[in-house]
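This report concerns only the one structure given below.
4 protein chains.
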Amino acid sequence: MPDRVPATTDYQAAIIEAAAGLFARQGYRGTSMRDIGAAIGIHAGSLYVHIESKEDLLHQIVNSIMLQSEQDMAEVLAQGGTPIGQLHEIALRDLRLIGENRERATVFFHEWRNLSPQRQEVVIASRDRWEDGLRSVLRRGIELGEFRAVDVRITGIALTSMLNWAYVWYSPGGELSVEQLADQYADLLVAGLRPR
Amino acid sequence: MPDRVPATTDYQAAIIEAAAGLFARQGYRGTSMRDIGAAIGIHAGSLYVHIESKEDLLHQIVNSIMLQSEQDMAEVLAQGGTPIGQLHEIALRDLRLIGENRERATVFFHEWRNLSPQRQEVVIASRDRWEDGLRSVLRRGIELGEFRAVDVRITGIALTSMLNWAYVWYSPGGELSVEQLADQYADLLVAGLRPR
Amino acid sequence: MPDRVPATTDYQAAIIEAAAGLFARQGYRGTSMRDIGAAIGIHAGSLYVHIESKEDLLHQIVNSIMLQSEQDMAEVLAQGGTPIGQLHEIALRDLRLIGENRERATVFFHEWRNLSPQRQEVVIASRDRWEDGLRSVLRRGIELGEFRAVDVRITGIALTSMLNWAYVWYSPGGELSVEQLADQYADLLVAGLRPR
Amino acid sequence: MPDRVPATTDYQAAIIEAAAGLFARQGYRGTSMRDIGAAIGIHAGSLYVHIESKEDLLHQIVNSIMLQSEQDMAEVLAQGGTPIGQLHEIALRDLRLIGENRERATVFFHEWRNLSPQRQEVVIASRDRWEDGLRSVLRRGIELGEFRAVDVRITGIALTSMLNWAYVWYSPGGELSVEQLADQYADLLVAGLRPR
DNA sequence: TATGAATGAGTGTTCATTCAT
DNA sequence: TATGAATGAACACTCATTCAT
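Chains as they are written, first to last, in my numbering: chain A, 58 to 253; chain B, 58 to 253; chain C, 58 to 253; chain D, 58 to 253.
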């Protein structure tokens with residue numbers, strides 16, 4: 058029976074998961090390597106058998122969120138459809154990413170400044186590209202007459218704010234599914250509060 | 058004897074201001090008392106002539122934002138007017154508070170968990186009251202027919218997200234005044250993206 | 058594979074011993090963790106691999122004297138015999154304990170107030186029990202007619218003073234053995250200075 | 058009206074008294090200049106208007122006990138009388154000195170090692186002279202036949218122990234006067250526990 | 001005479017990381 | 001692969017003392 062998947066536990070992944078939880082709750086600097094070791098049952102020093110450094114742990118957490126959100130945006134833009142539909146899909150994917158990875162998302166938004174300057178730049182560039190993507194959808198919506206001629210920059214920030222802030226409060230396990238929340242947000246953004 | 062310079066510098070205030078900047082940029086735990094001392098030109102130990110503790114510094118920063126936002130909400134609710142007008146006023150005041158105190162606001166949103174448990178509870182209670190106030194405005198707007206019968210909880214969170222996220226990006230010194238931003242946010246929320 | 062050196066040094070014990078010497082000579086507060094580290098050749102921070110805290114070090118020193126003196130008294134009371142014999146045995150054991158652990162005894166008498174309030178209470182209670190034991194022997198001696206009807210409290214304190222003060226001056230390595238000193242003290246106490 | 062005694066309160070004395078209490082309770086190193094200042098109602102820095110240094114405070118406290126005990130011994134030796142009478146007088150004066158100055162006595166016995174090496178030597182020399190005096194009385198008592206031919210050194214230490222230990226427990230304000238205690242100690246030492 | 005501010009050294013303790021075993 | 005021990009720098013905070021006012 059060849060081709061077995063490596064039988065050993067993937068410690069790397071377990072460590073990163075433990076670190077994400079601790080970083081989210083206590084902050085990057087408020088979490089010691091001992092805390093992380095204790096969370097998976099080994100000594101602090103033993104962590105270094107599996108990982109490079111504390112900052113590397115942070116990097117992997119931040120990176121995982123960053124890469125997924127980049128890929129989501131790229132796919133939404135690639136698949137076309139109406140701007141309203143794309144807006145809805147962007148909201149859905151972003152809320153799902155944040156909702157299903159709330160600890161990592163919290164670390165992403167709060168702790169990225171603890172990365173090295175070079176890595177911080179990469180994060181900033183990625184965020185910029187994501188927002189560019191969002192604005193391109195808004196612009197196309199205006200061109201096609203689906204949206205009013207709003208200020209694209211501010212409207213983009215408004216939607217970004219609504220989506221990103223989800224890390225503060227949203228848990229998808231509860232009564233409100235990701236789809237329902239995406240529906241409501243998209244509806245609110247498109248239709249506003251005005252009665253018909 | 059004209060032209061007297063005020064004999065006493067208010068060191069307390071200067072220290073808090075320096076701390077706010079450093080906490081915002083480097084985080085609470087990433088900022089040492091030495092950093093703060095260096096920022097105002099005295100030794101770390103000398104800070105304690107003027108302040109109680111590092112945590113007290115954080116508390117004063119967090120408290121100043123908390124108290125002002127509570128007062129703003131109370132005044133808006135007290136002065137009445139149409140729900141749309143109140144929503145606009147809430148946005149205006151919150152954006153002004155955050156925009157004019159971006160460092161403190163950043164510390165408020167990122168670092169309050171470094172306060173003692175009791176102080177954290179006070180912050181949470183204050184945020185809850187603020188959101189209650191916002192929801193009461195939304196509810197009244199629906200009752201009066203100014204707004205559609207949206208989900209008050211989600212709509213409240215959406216607006217809160219838009220306003221709070223301003224600490225991440227908004228500087229009132231630039232081309233976009235607080236009034237303009239509040240106008241745009243209120244308009245977007247009320248009218249949505251739908252073309253007329 | 059003969060001649061193996063014991064693989065592990067008991068650092069805990071070495072640190073406590075070094076601390077006892079330093080606390081006795083310089084006082085608890087006059088001794089820094091750096092002093093203790095230097096005494097055994099490691100950095101101050103490295104001490105914490107082996108110990109809990111500075112106060113814990115003090116506690117262990119104080120406790121060792123306290124527990125032994127409690128056990129000694131209990132054994133003397135349990136083994137019975139004449140009151141004079143018991144008095145002699147109490148003196149012998151106390152002088153041996155103090156003489157053979159002069160540094161720890163010095164720390165016990167001088168530094169116990171640096172323990173936490175709860176631990177101080179335990180020490181006080183232990184001393185009280187020891188003195189109760191001594192008084193019970195004196196009382197029995199009077200009842201049996203071995204001793205005059207002296208004031209038991211004052212006489213107990215007198216003997217306690219003679220024994221405890223040994224930490225100030227007595228080294229059993231010299232010309233005066235513990236047995237000799239106990240003999241002399243017991244004889245002096247029982248017979249007094251009066252010529253026969 | 059010249060030659061007035063200085064009207065100002067003698068701050069020196071008040072500071073020393075406050076320091077003695079604090080040193081006795083918290084130890085020399087456990088007492089800050091701020092503690093001492095607070096005890097008499099001025100700021101720490103202001104103490105230096107009246108005193109030289111913290112060590113000087115300690116020195117004055119230790120010195121006051123040392124000088125009085127030296128003078129007491131000198132007077133007892135000078136006034137002659139029977140050895141038993143002298144022993145009684147030594148006990149009386151030493152118990153009075155310690156009992157009426159318990160805080161200072163505590164500081165004397167516990168904190169003298171915090172003095173400079175030179176000052177420590179002076180203290181040691183003084184104690185040695187005092188003990189020499191005591192031994193000379195014992196020797197004369199033996200020569201005159203008032204005492205058995207006991208070991209003068211050990212007997213001297215025994216009496217010294219009984220007297221000095223008084224700082225630990227004796228308060229002359231209670232039911233036991235200095236005279237009564239001196240009587241009991243002298244009787245115990247001379248007559249012993251043996252029934253007549 | 002007293003203050004408030006400052007100093008600079010020092011406190012006990014924690015930390016990320018290394019390394020021989 | 002994991003451990004226990006160690007490092008050396010850093011941490012928040014306190015201290016005795018000085019000094020301009």
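Think of the CB as a built atom: it goes at the ideal place given N, C-alpha and C, for glycine as much as any other residue.
As the structure is a prediction and not an experimental result, all values here were calculated from the model.
Check the Cβ-Cβ distances between residue i and every residue of chain C, and say whether any is below 7 Å.
i: S183 of chain D; result: no
i: S228 of chain D; result: no
i: A76 of chain D; result: no
i: H107 of chain D; result: no
i: W187 of chain D; result: no
Would you mind telling me which residues of chain A sit closer than 8 Å to residue i, beta carbon to beta carbon, in chain order?
i: P252 of chain B; result: G202, E203, F204, R205
Along chain B, in chain order, which residues have C-beta atoms closer than 8 Å to that of residue i?
i: S103 of chain A; result: Near S103 of chain A there are no residues of chain B at all, since even the closest Cβ is about 25 Å away, more than 8 Å.
i: I211 of chain A; result: L233, L238, Q241, Y242, L245
i: D113 of chain A; result: Here the premise fails: no neighbours, minimum Cβ distance about 18 Å.
i: S208 of chain A; result: Reading the sequence as shown, one finds Asp at residue 208 of chain A and not Ser. Under the 8 Å cutoff, chain B gives Q241.
So, does the CB of residue i fall closer than 7 Å to a CB anywhere in chain D?
i: R161 of chain C; result: no
i: R86 of chain C; result: yes
i: W169 of chain C; result: no
i: A64 of chain C; result: Note that A64 of chain C scores 36 on pLDDT, short of 50, meaning its location in the model is unreliable; the coordinates nonetheless yield the value given after this. So, not an interface residue.
Taking only beta-carbon positions, decide if residue i is within less than 7 Å of chain A.
i: Q247 of chain B; result: Note that residue 247 of chain B is Val in the sequence shown, not Gln. Yes, because at least one Cβ of chain A sits closer than 7 Å to the Cβ of V247 of chain B.
Who are the neighbours of residue i on chain B, taking C-beta pairs under 7 Å?
i: A215 of chain A; result: M219, Y242, L245
Can you name, in chain order, every residue of its own chain whose Cβ lies under 6 Å from the Cβ of residue i, other than the five neighbours on each side?
i: L238 of chain C; result: L152
i: Q199 of chain D; result: Note that residue 199 of chain D is Ile in the sequence shown, not Gln. The answer, listed in chain order, is A206.
i: P63 of chain A; result: In this prediction, P63 of chain A has a pLDDT of 42, which is less than 50 and means its spatial position is unreliable; nothing more can be read from the coordinates.
i: Q69 of chain C; result: H107
i: A96 of chain C; result: A75
i: V235 of chain D; result: L152, R153, G156, P229
i: A101 of chain A; result: M90, R91, G94
Enumerate in chain order the residues of its own chain whose CB-to-CB distance from residue i is below 8 Å, with the five nearest sequence positions on each side excluded.
i: H116 of chain B; result: L172, R176
i: L233 of chain C; result: Y227
i: L104 of chain A; result: I72, M90, I93, G94
i: R40 of chain B; result: Residue 40 of chain B is absent from the structure shown; chain B starts at 58 and stops at 253.
Quick one: list the residues of chain D neighbouring residue i, beta-carbon separation under 8 Å, in chain order.
i: D67 of chain C; result: Under the 8 Å cutoff, chain D gives no residues; its nearest Cβ is about 30 Å from D67 of chain C.
With a threshold of 7 Å on Cβ separation, who are the neighbours of residue i within its own chain once the five nearest residues in sequence on each side are excluded?
i: P174 of chain A; result: none
i: V79 of chain A; result: For the record, residue 79 of chain A in the displayed sequence is Leu; it is not Val. Once the five neighbours on either side are set aside, the close Cβ partners of L79 of chain A are T88, D92, I93, A96.
i: E203 of chain D; result: T139, P140, I141
i: K111 of chain B; result: M90
i: I73 of chain D; result: L114, Q117, I118
i: L216 of chain A; result: L191, L246
i: L201 of chain D; result: P140
i: Y85 of chain D; result: L115, E168, N171
Would you be able to state if there are at least three C-beta pairs under 8 Å between the stretch 215-234 of chain C and the stretch 188-206 of chain D?
no
Count the CB pairs spanning the stretch 130-150 of chain A and the stretch 237-251 of chain A that are closer than 8 Å, and state whether there are at least three.
yes
Any contact between the stretch 87-101 of chain C and the stretch 150-168 of chain C? By contact I mean 3 or more CB pairs, one from each, below 8 Å.
no
I'd like to know if the stretch 155-166 of chain D and the stretch 119-132 of chain D are in contact, where contact means that at least 3 CB-CB pairs between them fall below 8 Å.
yes
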